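Chemist:
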Amino acid sequence: MSEGQTPRARIRRLNDAAIRSDGRYVLYWMIATRRRGWSYGLGRAAEVAAELDRPILVLEPLRIAYPHASERLHSFVIDGMADNIDAFDDGRATYYPYVEPGHGDGSGLLETLSAEACAVVTDDFPAFFLPRMTEAAARRLDVPLESVDSNGLLPMRASGREWKTAYSFRRYVQQELPALLDEAPPRDPLASLPRRSPIELSEEIRSRWPDARDRFGEADPMRGLDLDSDVPPVSTPGGAAAGAATLDRFVARGLAAYEDRNHPDADAGSGLSPYLHFGHVSPHQVFEAVRDAEEWEPWRLADTADGKRSGWWGMSDAAEGFLDQIVTWRELGYQCAAYYGADYDSYDTVPEWARDTLAEHESDARPHTYTLEELETGRTSDDVWNAAQNQLRREGRIHNYMRMVWGKRMLEWTATPREAFERLVHLNDRWAIDGRDPNSYTGIGWVFGRHDRAWGPERPIFGKVRYMSSANTKRKLRVGEYLERYAGRASLFGEDSDRSGGSTG
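Numbering (my numbering) for the sequence shown: 453 to 957.
#1: In whole angstroms, give me the CA-to-CA distance for residue 965 and residue 698.
#2: Do you know whose CA, among 528, 781 and 836, lies nearest residue 551's CA?
#3: Buried or exposed: which applies to residue 756, given that a residue is buried once 16 or more other Cβ atoms fall within 10 Å of its Cβ?
#4: Could you tell me if residue 751 is buried or exposed, where buried requires 16 or more neighbouring beta carbons within 10 angstroms of its beta carbon?
#5: Just to confirm my understanding: we take residue 952, look at its own chain, exclude 5 residues before and 5 after, and list those with CB closer than 6 Å. What are they?
#6: Residue range of the alpha helix (DSSP H) that residue 872 falls in?
#7: Could you tell me which whole beta strand (DSSP E) segments of length 3 or greater appear in the segment 513-576?
#8: At a cut-off of 7 Å, would you count residue 489 as near the ligand GDP, judging by its Cβ distance to the nearest heavy atom?
#9: Give the DSSP bridge partners of residue 481, in chain order.
#10: Could you tell me if residue 851 is buried or exposed, where buried requires 16 or more neighbouring beta carbons within 10 angstroms of its beta carbon?
#11: Roughly how many angstroms lie between the CA atoms of residue 931 and residue 715, to the nearest whole one?
#12: Could you check how far apart the C-beta atoms of residue 596 and residue 469 are, in whole angstroms? I think they sit under 8 Å.
#13: When the Cα atoms are used, what is the spatial distance from residue 956 to residue 700?
#14: Taking DSSP's pairing of strands, which residues face residue 597 in a bridge?
#15: Just how far apart, CA to CA, sit residue 690 and residue 705?
#16: Keeping to the same chain, check which residues put their C-beta closer than 8 Å to that of residue 907; ignore five residues upstream and five downstream.
#17: With 16 as the cutoff for other CB atoms within 10 Å, does residue 457 come out buried or exposed?
#18: Using DSSP's beta-bridge definition, name the partner residues of residue 915.
#19: Is the distance from the Cβ of residue 673 to the Cβ of residue 665 below 8 Å?
#20: Would you call residue 942 buried or exposed, if buried means 16 or more other Cβ atoms sit within 10 Å of its Cβ?
#21: Applying the criterion that 16 or more other CB atoms from any shown protein chain within 10 Å of the CB defines a buried residue, is residue 495 buried or exposed?
#22: Can you grab the Cα-Cα spacing for the pair residue 747 / residue 767, in whole Å?
#23: Whose C-beta lies closer than 7 Å to the C-beta of residue 686 among residues of the same chain, with five residues either side of it excluded?
#24: If contacts are defined as beta-carbon pairs under 8 Å, then residue 661 and residue 561 qualify, I think. What distance do you get, rounded to the angstrom?
#25: Mapping DSSP to helix, strand and coil, what is residue 651?
#26: What are the partner residues of residue 617, as DSSP defines its beta bridges?
#27: Identify which residue in 707, 612 and 544 has its Cα closest to the Cα of residue 649.
#28: Have a look at the DSSP bridge pairing and note the partners of residue 465.
#29: In the structure shown, what three-state DSSP assignment does residue 680 receive?
#30: Would you mind reading off the limits of the alpha helix (DSSP H) that contains residue 670?
#31: Which parts of the segment 827-861 are runs of the beta strand (DSSP E), unbroken and 3 residues or longer, counting only runs that do not cross its ends?
#32: Thinking residue 633 and residue 606 are a contact (beta carbons under 8 Å), I'd like their distance in whole angstroms, please.
#33: Roughly how many angstroms lie between the CA atoms of residue 565 and residue 781, to the nearest whole one?
#34: Where do the ends of the alpha helix (DSSP H) carrying residue 928 lie?
#35: Which residues in the same chain as residue 802 place their Cβ atom closer than 7 Å to its Cβ, once the five residues preceding and following it in sequence are excluded?
#36: Could you compute how far the alpha carbon of residue 645 sits from the alpha carbon of residue 790?
See below:
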């Protein structure tokens with residue numbers, strides 16, 4: 453396929469098959485960038501469709517057998533599918549949502565649709581089961597399969613290296629990003645394509661793999677699906693419309709208060725993480741909203757790439773703090789996941805110095821040891837930790853500062869650092885809406901020393917890894933309302949529960 457406007461650094465060719473010149477359409481396999489707008493992947497599909505004078509068929513499937521499949525995660529994705537039905541209702545592409553009803557029922561759908569396609573374009577995502585799935589598909593398809601990266605402001609595979617610290621990666625961002633700010637994906641990748649009649653699929657395809665539109669019309673669109681019902685949907689709706697509304701509210705009313713974000717009582721986070729994770733919102737879309745709110749122009753960028761957290765953008769302190777999170781820290785996770793490959797969620801990616809010091813203290817006495825079930829249900833002696841875990845179970849999220857304390861305490865309650873790492877991955881991947889994300893594993897790895905430095909004095913259990921405690925959190929931050937909301941005995945354990953709060957510090 454010839455090159456178009458999509459940056460070459462964002463496109464990976466996954467096989468060597470030739471274009472099927474007599475194909476009926478270009479197939480866009482939507483698996484991570486689950487939106488119409490601001491999409492390099494859909495933009496690439498539009499380029500190929502224009503070159504071949506073919507329509508686009510957009511397949512957005514939802515498997516049932518993915519790890520930690522639950523009503524919570526399914527509901528969030530299905531909300532986005534319902535939005536996409538409306539978003540693609542202008543005749544510039546045919547949208548085909550498919551929700552797999554039983555294990556293996558979706559098998560063969562991609563191959564069947566690709567048999568009539570000129571080429572297939574999909575989304576490049578470096579974590580969860582998606583890399584294995586796209587690589588396996590590339591071996592089976594007899595048409596070209598391209599994987600396109602829409603994950604961040606920077607192409608996630610461009611550096612091709614491991615970043616040891618956020619400081620070094622921030623310097624890289626400051627060196628490379630200015631030249632890329634004009635390469636944003638199109639707001640509407642399909643705008644230049646002609647309107648066409650919907651692509652007709654055979655009755656055999658429609659009956660074997662029914663369009664999910666009928667399911668969305670039901671009172672319970674997840675009825676009959678074999679999902680983890682112990683992880684129920686949350687009140688936060690999914691989809692591009694809800695994501696855009698969340699972004700608008702944050703920029704209009706929350707951005708100015710973002711400097712207060714470390715205080716749990718303030719709850720001053722953006723709320724955008726789940727929408728970014730599922731591709732309902734684009735990081736370029738977020739950046740433009742902040743840029744416009746700040747009335748920012750590129751000439752305000754600092755002349756030097758010094759790796760400092762503030763002062764480089766030439767924006768307000770609140771905006772600079774927010775962009776450091778969404779650009780530096782979020783994209784650091786994607787860059788590292790792309791570099792680590794299959795090991796992206798492994799304890800072995802923790803730096804050697806940190807693993808060494810933790811190993812030296814592995815035999816240190818632990819103040820408590822808890823079963824996974826006790827941890828999962830928030831039944832520890834630490835009310836700060838319980839509050840964070842209960843927020844995760846109830847809302848699918850943890851306040852960002854509390855997440856760090858939540859992770860650090862786990863080191864003290866498990867027999868080995870590796871077990872602590874694996875338990876944090878399990879809890880996050882099962883309960884968080886934005887779990888299974890490269891940024892999640894960056895945060896978990898940070899607990900054990902990734903992207904950090906050795907600290908002193910050396911402590912039991914932690915060694916030279918940075919120490920945090922619940923007692924210090926109570927002293928430093930405003931947490932009273934947070935604890936009352938999420939660690940209240942009556943609301944979480946019942947009136948006759950004998951559990952009580954009390955931090956072990």
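For every residue, glycine included, the Cβ atom is placed at its ideal position computed from N, Cα and C.
Only a predicted model underlies this, so the values are computations on that prediction, with no experimental measurement involved.
Modeler: Taking the structure as given:
#1: Since the first residue of the chain shown is 453 and the last is 957, residue 965 is not available in this structure.
#2: 528
#3: exposed
#4: exposed
#5: Its pLDDT being 30, under 50, residue 952 is placed unreliably in this model, and the value from its coordinates should be taken loosely. There are no such residues.
#6: 869-883
#7: 546-551 and 569-575
#8: Among the components modelled here there is no ligand, and therefore nothing to report on the ligand GDP.
#9: 511 and 574
#10: buried
#11: 7 Å
#12: 5 Å
#13: At residue 956, the pLDDT of 29 sits below 50, so the modelled position is not reliable and the matter cannot be decided from this model.
#14: 572
#15: 21 Å
#16: 916, 917, 918 and 919
#17: exposed
#18: 911
#19: no
#20: Note that residue 942 scores 33 on pLDDT, short of 50, meaning its location in the model is unreliable and no value can be drawn from it.
#21: buried
#22: 9 Å
#23: 524, 847, 848 and 885
#24: 5 Å
#25: coil
#26: 903
#27: 544
#28: 598
#29: strand
#30: First-last for residue 670: undefined, no H or E at that position.
#31: none
#32: At roughly 11 Å, the Cβ-Cβ gap does not stay under 8 Å, so residue 633 and residue 606 are not in contact.
#33: 38 Å
#34: 922-928
#35: 897, 900, 901 and 902
#36: 32 Å
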